[in-house]
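Visitor:
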Amino acid sequence: MSGCETVGAPVSGLRRDTRARSIMTGDGLHDFASKLYPICRSITGQGVRKTLALIGEHIPLAIREVPSGSRVYDWEVPPEWNIEDAAVLDAQGERVVDFQKHNLHVVSYSEPVAQTVSLSELEPHLHSLPEHPEWIPYRTSYYQRNWGFCLPHATRQTMRSGQYRIDIKSSLASGSLSYGETAIPGRSREEVLFFTHVCHPSLANDNTAGMAVATALAAWVAGEPRRYSYRFVFAPGTIGSLCWLKQNEQSLARVRAGLVLGLLGDSGPLTYKMSRDANTETDAIAGYVLSQIDRNSTVIPFSPYGYDERQLCSPGFNLPVGRLTRSVNGGYPEYHSSGDDLALIRPECLERSLQACKLFVTVLEQDARYVNRSPKGEPRLGKRGLYGSVGGMSPAEREHAMLWVLNQSDGSKSILDIAKRSGLPFEIVHEASLALEGAGLLRSAVKGQSRRAASSHDGAKGVRRKSSGSGRPAASRRKGDKR
Amino acid sequence: MSGCETVGAPVSGLRRDTRARSIMTGDGLHDFASKLYPICRSITGQGVRKTLALIGEHIPLAIREVPSGSRVYDWEVPPEWNIEDAAVLDAQGERVVDFQKHNLHVVSYSEPVAQTVSLSELEPHLHSLPEHPEWIPYRTSYYQRNWGFCLPHATRQTMRSGQYRIDIKSSLASGSLSYGETAIPGRSREEVLFFTHVCHPSLANDNTAGMAVATALAAWVAGEPRRYSYRFVFAPGTIGSLCWLKQNEQSLARVRAGLVLGLLGDSGPLTYKMSRDANTETDAIAGYVLSQIDRNSTVIPFSPYGYDERQLCSPGFNLPVGRLTRSVNGGYPEYHSSGDDLALIRPECLERSLQACKLFVTVLEQDARYVNRSPKGEPRLGKRGLYGSVGGMSPAEREHAMLWVLNQSDGSKSILDIAKRSGLPFEIVHEASLALEGAGLLRSAVKGQSRRAASSHDGAKGVRRKSSGSGRPAASRRKGDKR
Amino acid sequence: MSGCETVGAPVSGLRRDTRARSIMTGDGLHDFASKLYPICRSITGQGVRKTLALIGEHIPLAIREVPSGSRVYDWEVPPEWNIEDAAVLDAQGERVVDFQKHNLHVVSYSEPVAQTVSLSELEPHLHSLPEHPEWIPYRTSYYQRNWGFCLPHATRQTMRSGQYRIDIKSSLASGSLSYGETAIPGRSREEVLFFTHVCHPSLANDNTAGMAVATALAAWVAGEPRRYSYRFVFAPGTIGSLCWLKQNEQSLARVRAGLVLGLLGDSGPLTYKMSRDANTETDAIAGYVLSQIDRNSTVIPFSPYGYDERQLCSPGFNLPVGRLTRSVNGGYPEYHSSGDDLALIRPECLERSLQACKLFVTVLEQDARYVNRSPKGEPRLGKRGLYGSVGGMSPAEREHAMLWVLNQSDGSKSILDIAKRSGLPFEIVHEASLALEGAGLLRSAVKGQSRRAASSHDGAKGVRRKSSGSGRPAASRRKGDKR
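Residue numbers (this note's numbering), protein chains in the order written: chain R, 620 to 1102; chain D, 620 to 1102; chain Z, 620 to 1102.
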């Protein structure tokens, strides 16, 4: 990207483990969201940088700065906006609308103003929600020079005609757009992408919740060796994701799967929005994960509106990326208003969202295709000590899983396919496959890959396994079985 | 076709605009059906010619005459049948059954008879409906020499034993089978075919309703320049459609889509019967049109029985043609009896049927595939004045439509595909595509075609657009949107 | 198969027609099952041989003997097990558990034992069903040297502590595994495989019912010339089917379709379990047959557990074979216990199961693909005497069937496809196709095959027809039809 400039090293190079661990719980996630909440973010400016700095306390984060005026596809990075103070003062000098009390009171990207106007001149610059008279709406004017104030409708109705002093101490000046990213290398160069927007001021569910979950997930993913490489991007919506796309256009072919994260703290059901093609590995895994983790979860079709899936899934990129939220954009009354505050997001909901993301990663990492090395008839599991109970696991389930894996493993079906067809949990089928591979009854369907030899690249459908070290006790035979 | 002879020029070469316009309304359609109703039609004879002459008063109609004895595939055009009078007279000379009172009283294609018979000799020649004792049934004997009378069962039960005079003044003589057709050339030679049968005497829904709607539709289609060519055929059932197929066998490959029309005046729900292949453009559009125009409408599978879809969709032709009716053949008690009279068909039903046909033509004409010329990320619609409301249209719907068109236009999806996937009305998606094309953001997916240059041929998947001349006012930004 | 030895000629070379006929009825099937019931079968031994001898009284049966120790894929044929007597005797010499009273009392493959043990030493060798205290469970220990007794839980609870004499007069010695098969050659070398297990002692539904139905079906199939070749295998489960697979591995490619038969006598609904690929001809026909024969019937997906479909459908063979049962394995309380006795199986259920098998064979034999020789428009059926009623058949159904066959016969659709699409019974569609072929309107879609010329091989999709000799009376024309 010609006009894009990379400003370098991670803000915080070392992960502080105690903090990383602390944001793994619901309370930890909520605490972190609460720290992010008061910051006045927009698509550029110090608010984004402060936010990225807080995130960088938990994970190593490279900060990119893209100068104002840079051409980004059909767009241009706007001037950097910063704000110090803003108010509407009445004739008595009373701050009727006061930015110090809530970030949402000023329309984002309001130009600097210092003038006195009549109420009727002021009116077109005021925004309120008659249907929710206590809430302050959220409004922006990024690409059209303008200014304005947002206020509770109840307050607006108390304003008498007369003169008002408008005082907006903001700046629109050449600067840069900031975003942060962390890359976690795995054995394969294929990447899994997580994307969350960081441009909303003092809206808790949209999007301090997404930032908190994405941060915790990145810390967790970094915690052990991974099959795939992972990339977490924290960027302003639309123009920020376009900057990232422009800067990474040459390596987008590496993106194997991914999720846009947002709205992850409210009590609505987990909702997966499919990718544009609706038949990607991301779709298969996310749909499965939601069915396992939340019986009220829902899968909705792709649409070209919402968060950064709009850009990532535009036809020129068409990345295999879906979106995970709880409620959807516009799907709850507090959306884009001061009603979306820290009380709206709940520790247990944040934690459950994080669990769903972790399971998504786990299934992606563990899914594999195998070939049964003893495909004529069933191999004798009993003589290999594979038939019987291990720990508290139901023997029936585990043995069924082994029969399913052996039967389906002709190289065309993955562990996830088998879990879906059999109705058995992915984890059980995965463990059965490890046990069978350990006994020499399975081999990877990907040529040249064995479960013990690590290689730096997975093929597009590559699979690799950790050693299972299985050596289970001889199992007793079951009723009605001939083995 | 060896034995087929074309007898030429249109009966009425000039469309009389006032009449054409008059049959566009429900009342106009009903009036026209009422004019056609009293004529005694059969598969040949003067009744068909009188019918075609009346149709020819509204649209230019070429009349084809196919001589008796012509071989038509496995069939042969039968002798021409005409009838002057027919009656069953009792001993007192009373006309117990009187063709002058209703065309249905005589079995179609009855041979001439003048003889006196006993009631018991007469019985095998009488047809009535015990379950509907007031109605006269409709019976034919085209290919087996025979004669007969149809009468209300109530009348039949009053007939005493004794001698009856049978007097049928009909003729079965060498002549010809008549059908009419009108061809409306468009920019493409690809044709859209509308087919309706014209062989039923004094049955209102079956088929003066179909003739009226087909006539009005042809006049409407001819009223403006068209992308595709159109052909309307008014022919006797089975043998008539076979004659048309034989005469046009060389150009059937041009048929891109089409509908058999019939039973379009009763109050049953609009019913689309799919083509033999069930996956043609005709099926996609007709199914969509019905879903839009009538919430009670229904789509039924193909079956090789009914009207001329039997011939058009036989495996040797397999034309991409479906069928539009309201009730289906055999689907209402009055079917094929005198109960199918002018009271059964209703102006508003005729008009709604015509609307469905027009919408079918409109979608077919306007559907197109585009390629987004700015496919990487969303293009900025705001700076092009495309984001905002125009007229009374909902801005949200229009803006969503633009995002959908941009996202899906990779050349593989048509406007109709996008309308279906998005749930937005075809018309809105179509207008969005015109606006985007006008702004230079879309181009036709068909090589060498632009929206301004007209060419005489569309490819099989060709699309062409009229200039949209869009120049909409700068639109104001919407809540929650980043543009 | 290296270690497998074929021991030759059929036990009974001539079918005794009176017996064969007698097992065609429900009572006959039940009688035969009752004869098989008392025999103490296992996966080897004299019980299997006695069973095969009884079956051989109805159909010619070749007996194969596979020596103990033979390697069969991942398995090995175990020593031959025979048993004379077994009992648990109390201090008074009373036979508390007595093999003479029920075969199930001894764990199958129990090694010989003669010793005195305390009740607590005996306990691990006792098996009972607390939830069904009156039933004796069925237990085996084929591949792990062990011994044990099965008894009603009620009896077990009466056993006082003290010393018990254990007396098992069994033998585990080198011998052979026995199975039987009958091959019925047809015009084509392609084979239809029926497989049933013969290793369960004194369990009526599982599997004297399957043996009885398979025997009767084989006799019926042999009763007239057939298009396909048929093979019926009566073998011990798992190790027996593996022996058969090993011995026939070179000719498995000939298997065109097949069914594993079992559990065919209880009053549960007929249940078809699909083949591994779920889209075979077997699946299409079996699903259709069940829908026709039993409105409560059900089709269940493949799973790699159950009877010998586990081996036949393992990925190295993947035969196009499904399974027909009434209740499924484990699907009724009496399963694998003495509750599965002769009262559980009912003559009318056995007979209905046999009917389903016969219809499966009939559809398989009669299904065919045709090409309409008069594909342009409908041919005139009336002039060929094909339009009208024959016998008690509904004319409407028959005529519709002819229109359907003519319309769909472009070589791609089979009679079964047409029956499914039209909703007409297979038999009616089949007869319509014979009539049309007889009239010269259809030809086989398989090159070089005519309905009159017999050839010894059908192609993979081959079809052949017996002469239909149709010469039906001229049919009268129907209302509303133009022919």
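The C-beta atom is built at its ideal place from N, Cα and C for all residues, glycine as well.
State yes or no: is the beta carbon of Ala1072(R) nearer than 8 Å to at least one beta carbon in chain Z?
Guide: Locating residue 1072(R) in the first sequence gives position 453, counting from the first residue. The pLDDT assigned to Ala1072(R) is 35, lower than 50, so where the model puts this residue is not dependable; a value taken from the coordinates is nonetheless given after this. So, not an interface residue.
Visitor: Should Lys720(D) go down as buried or exposed, given a rule of 16 or more other Cβ atoms within 10 Å for buried?
Guide: As a working mapping, residue 720(D) is identified with position 101 in the second sequence. It is exposed - the Cβ of Lys720(D) has fewer than 16 other Cβ atoms within 10 Å.
Visitor: Got a sec? Which residues, its chain only, sit under 7 Å from His744(D) by beta carbon, not counting five neighbours each side?
Guide: Walking along the second sequence from the start, residue 744(D) turns up at place 125. Trp766, Gly767 and Phe768, listed in sequence order.
Visitor: When you compare the stretch 939 to 946 of chain R with the stretch 891 to 903 of chain R, are there three or more beta-carbon pairs, one atom per stretch, that lie closer than 8 Å?
Guide: Yes, the stretch 939 to 946 of chain R touches the stretch 891 to 903 of chain R.
Visitor: Does the beta-carbon distance from Tyr603(D) to Leu741(D) come in below 8 Å?
Guide: Outside the displayed span of chain D (620 to 1102) sits residue 603(D), for which this structure offers no information.
Visitor: If the criterion is Cβ atoms closer than 8 Å, does the pair Ala733(R) and Asp786(R) meet it?
Guide: The residue you call residue 733(R) lines up with position 114 of the first sequence. The residue you call residue 786(R) lines up with position 167 of the first sequence. Between Ala733(R) and Asp786(R), the gap from beta carbon to beta carbon is short of 8 Å.
Visitor: Which chain R residues are close to Arg929(Z), counting only those with a beta carbon under 7 Å from its beta carbon?
Guide: The residue given as residue 929(Z) occupies position 310 in the third sequence. By Cβ distance, chain R contributes Glu997.
Visitor: Just the Cα atoms here: how many angstroms apart are Asp825(R) and Tyr951(R)?
Guide: Counted from its first residue, the first sequence places residue 825(R) at position 206. Counted from its first residue, the first sequence places residue 951(R) at position 332. Approximately 11 Å, taken between the alpha carbons.
Visitor: Taking the straight line between their C-alpha atoms, what separation do you get for Ser689(Z) and Arg988(Z)?
Guide: Translated into positions along the third sequence, residue 689(Z) becomes position 70. Translated into positions along the third sequence, residue 988(Z) becomes position 369. Straight-line Cα distance between these residues: approximately 45 Å.
Visitor: What is the DSSP secondary structure of Pro591(R), reduced to helix, strand or coil?
Guide: With chain R covering 620 to 1102 only, the question about residue 591(R) has no answer from this structure.
Visitor: Against chain Z, does Asp693(D) count as a neighbour if the rule is that its beta carbon must be under 8 Å from one of theirs?
Guide: Residue mapping note: residue 693(D) aligns to position 74 of the second sequence, counting from 1. With 8 Å as the cut-off, Asp693(D) counts as an interface residue toward chain Z.
Visitor: Report yes if the C-beta distance between Glu809(R) and Arg875(R) is below 8 Å; otherwise report no.
Guide: As a first step, residue 809(R) is located in the first sequence; it is residue number 190 there, counting from the start. As a first step, residue 875(R) is located in the first sequence; it is residue number 256 there, counting from the start. Yes.
Visitor: Any C-beta of chain D sitting closer than 8 Å to the C-beta of Ser790(R)?
Guide: Here residue 790(R) refers to the residue found at position 171 of the first sequence. Judged by the 8 Å Cβ criterion, Ser790(R) is not in contact with chain D.
Visitor: Does the CB of Gly935(Z) have a neighbour CB from chain R at under 8 Å?
Guide: As a working mapping, residue 935(Z) is identified with position 316 in the third sequence. Yes, its Cβ sits closer than 8 Å to a Cβ of chain R.
Visitor: What residue from Val696(R), Phe718(R) and His677(R) has the CA that sits closest to Cys659(R)'s CA?
Guide: Numbered from its first residue, the first sequence carries residue 659(R) at position 40. If we check each option's Cα against that of Cys659(R), Phe718(R) comes out closest.
Visitor: Leaving aside the five residues before and after Ala773(R) along the sequence, list all residues of the same chain whose C-beta is less than 8 Å from its C-beta, in chain order.
Guide: Along the first sequence, read from residue 1 onward, the residue named residue 773(R) stands at position 154. So the qualifying residues of the chain are Pro752 and Glu753.
Visitor: Nearest chain D C-beta to Ser1013(Z) closer than 8 Å, yes or no?
Guide: For the purposes of this step, residue 1013(Z) is identified with residue 394 of the third sequence, where counting begins at 1. Its pLDDT being 45, under 50, Ser1013(Z) is placed unreliably in this model, and the value from its coordinates should be taken loosely. It does not: the Cβ of Ser1013(Z) has no partner Cβ on chain D nearer than 8 Å.
Visitor: What residues in the stretch 839 to 864 of chain R bring their beta carbon closer than 9 Å to a beta carbon of chain D?
Guide: So the list reads Pro855, Gly856, Thr857, Ile858, Ser860, Leu861 and Leu864, given in the order they occur along the chain.
Visitor: For His819(D), collect the residues of the same chain with a Cβ closer than 7 Å to its Cβ; drop the 5 residues on either side in sequence, then sort them by chain order.
Guide: Working through the second sequence from its first residue, we reach residue 819(D) at position 200. Scanning its chain for C-beta atoms nearer than 7 Å, with the 5 sequence neighbours on each side dropped, one finds around His819(D) the residues Arg660, Asp825 and Asn826, in chain order.
Visitor: For the candidate residues Ile1037(Z), Gln911(Z) and Gln665(Z), whose alpha-carbon lies nearest to that of Leu1025(Z)?
Guide: Translated into the one-based positions of the third sequence, residue 1025(Z) becomes position 406. Measuring C-alpha to C-alpha distances from Leu1025(Z) to each of Ile1037(Z), Gln911(Z) and Gln665(Z) identifies Ile1037(Z) as the nearest.
Visitor: Sorted by chain position, which residues of the same chain lie with C-beta nearer than 6 Å to Val685(R)'s C-beta, five sequence neighbours on each side aside?
Guide: Here residue 685(R) refers to the residue found at position 66 of the first sequence. Within the same chain, Val685(R) has close Cβ partners Cys623, Val696, Ser795, Leu796 and Cys862.
Visitor: Who are Trp694(Z)'s beta bridge partners in DSSP?
Guide: Taking the third sequence and counting its residues from 1, the one referred to as residue 694(Z) is at position 75. Answer is Val691(Z).
Visitor: Looking at the structure shown, is Pro743(Z) part of a helix, part of a strand, or coil, going by DSSP?
Guide: Along the third sequence, one-based indexing puts residue 743(Z) at 124. The answer is helix: DSSP assigns Pro743(Z) an H, G or I state.
Visitor: Please compile the residues from chain R whose C-beta is within a distance smaller than 7 Å of the C-beta of Tyr924(Z).
Guide: Reading the third sequence from its first residue, position 305 is the one you call residue 924(Z). Chain R residues near Tyr924(Z): His1019 and Leu1022.
Visitor: Scan the stretch 965 to 996 of chain Z for residues whose Cβ lies nearer than 8 Å to a Cβ of chain C and list them as they occur along the chain.
Guide: The structure shown has no chain C; the protein chains it does contain are R, D and Z.
Visitor: Just checking, does the stretch 801 to 808 of chain Z make contact with the stretch 703 to 713 of chain Z on the three C-beta pairs under 8 Å criterion?
Guide: The stretch 703 to 713 of chain Z and the stretch 801 to 808 of chain Z do not touch, with fewer than three beta-carbon pairs separated by less than 8 Å.
Visitor: Do you know offhand how far Val852(R)'s Cα is from Ser860(R)'s?
Guide: Reading the first sequence from its first residue, position 233 is the one you call residue 852(R). Reading the first sequence from its first residue, position 241 is the one you call residue 860(R). Each residue's alpha carbon lies about 9 Å from the other.
Visitor: In angstroms with no decimal places, state the Cα-to-Cα distance between Lys1066(D) and Val990(D).
Guide: Start at 1 with the first residue of the second sequence, and residue 1066(D) comes out as number 447. Start at 1 with the first residue of the second sequence, and residue 990(D) comes out as number 371. Approximately 11 Å between the Cα atoms of the pair.
Visitor: My output table needs one value for His816(Z): the three-state DSSP class, helix, strand or coil.
Guide: Stepping through the third sequence from its first residue, residue 816(Z) is reached at position 197. Assigned with DSSP and collapsed to three states, His816(Z) falls in strand.
Visitor: CB-CB under 6 Å to Ser916(Z), same chain, minus the five flanking residues each way: which ones, in chain order?
Guide: Counting from 1 along the third sequence, the entry for residue 916(Z) is found at position 297. Correct list, in chain order: Pro888, Leu889 and Leu909.
Visitor: Would a check of beta-carbon distances place Asp1036(Z) closer than 8 Å to chain D?
Guide: Taking the first residue of the third sequence as 1, we reach residue 1036(Z) at position 417. Asp1036(Z) does not count as touching chain D.
Visitor: Which same chain residues, not among the five before or five after Ile964(R), have their C-beta less than 7 Å away from its C-beta?
Guide: Along the first sequence, read from residue 1 onward, the residue named residue 964(R) stands at position 345. So the list reads His649, Ala652, Ala823, Asn824, Ala828, Gly884 and Asp885, once near-sequence residues are dropped.
Visitor: How would you write the range of the alpha helix (DSSP H) that Gln911(D) sits in, first residue to last?
Guide: Along the second sequence, one-based indexing puts residue 911(D) at 292. Run containing Gln911(D): Glu900 to Ile912, per the alpha helix (DSSP H) assignment.
Visitor: Establish whether the CB of Tyr798(D) and some CB of chain Z are separated by less than 8 Å.
Guide: For the purposes of this step, residue 798(D) is taken as residue 179 along the second sequence, with counting starting at 1. Chain Z contact via Cβ: absent.
Visitor: Give the interface partners of Ser1028(D) over in chain R, defined as CB-CB distance under 9 Å, in chain order.
Guide: Taking the first residue of the second sequence as position 1, residue 1028(D) is located at position 409. Those are Pro934, listed as they occur along chain R.
Visitor: Measuring alpha carbon to alpha carbon, tell me which of Ile642(R), Val726(R), Ser780(R) and Ser789(R) ends up nearest Leu738(R).
Guide: Position 119 of the first sequence, counted from the first residue, corresponds to residue 738(R). The residue among Ile642(R), Val726(R), Ser780(R) and Ser789(R) with its C-alpha nearest the C-alpha of Leu738(R) is Ser780(R).
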